[in-house]
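J.: Let me begin by handing over the structure; questions about it come next.
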Amino acid sequence: MKVELQDKLNIETNKVLELEGSIEKDKHTTSLLMNELSSKPNQYAELCNQMKISKDKYEVKIRELEEKLSATLLKLTGLENQLSSTQSNETLLRDHLQMLDKEKQDLCNQLLTRNKDIEDLSTNNEELRKNILSLQEELNNKSSNLDKINQIMEATTEKCKAKNTGDGSKTI
């Protein structure tokens with residue numbers, strides 16, 4: 175029994191030694207963790223400070239972007255109004271252009287009609303000129319014939335007068 179007790183004692187002693195080693199190891203780990211933990215509030219404070227600085231920067235950036243967005247939206251509204259005005263003007267100009275095209279077509283039709291009238295008048299004028307020339311030629315011929323008839327009548331009258339003067343006092 176003594177040997178058994180000695181073995182148990184040895185086992186228990188070994189366990190105590192292991193536990194003491196484990197305790198020392200845990201104390202060392204605890205010490206390291208305590209050191210690390212003691213630096214954490216400083217790191218936490220630094221991290222909080224950096225977060226505050228970042229938050230401030232982002233808030234400034236957000237305000238700048240919101241101002242730019244507002245300016246851009248204002249500009250967009252202005253451009254939309256300008257586009258609407260331009261579209262209205264385009265519609266008015268298109269309507270005016272269609273009206274001018276219609277007027278142009280009407281004027282072209284009138285011009286074609288007048289050109290046809292001018293051609294007809296020119297043709298009539300040419301026919302009248304030919305008729306006038308023909309009538310002048312006919313008048314000249316008749317005038318020439320009349321002159322010949324007048325000459326014949328004068329000659330006949332002269333002959334009759336001469337005959338009557340030679341025959342006595344007969345008159346025609």
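The number in our numbering is simply the position in the sequence shown, starting from 1, with 174 added.
Even glycine gets a Cβ: it sits at the ideal position worked out from N, Cα and C.
Note that the structure is a prediction, hence the values are computed from the model and not measured.
Would you identify the three-state DSSP class for MET327, choosing helix, strand or coil?
T.: Against the sequence shown, residue 327 aligns to sequence position 153. Here MET327 sits in helix by DSSP.
J.: In whole angstroms, what is the alpha-carbon distance linking ASN255 and THR246?
T.: Position 81 of the sequence shown holds residue 255. Position 72 of the sequence shown holds residue 246. If you take the alpha carbons of ASN255 and THR246, they lie about 14 Å apart.
J.: Is MET273 helix, strand or coil when you go by DSSP?
T.: Your numbering for residue 273 matches position 99 in the sequence shown. Three-state result, MET273: helix.
J.: Tell me the rounded alpha-carbon separation between MET327 and THR339.
T.: Numbered from 1 along the sequence shown, position 153 holds the residue referred to as residue 327. Numbered from 1 along the sequence shown, position 165 holds the residue referred to as residue 339. The straight-line gap from Cα to Cα measures roughly 17 Å.
J.: Scan the stretch 199-258 and note each continuous beta strand (DSSP E) run of 3 residues or more that stays entirely inside, going in chain order.
T.: Segments of the beta strand (DSSP E) lying fully in the stretch 199-258: there are none.
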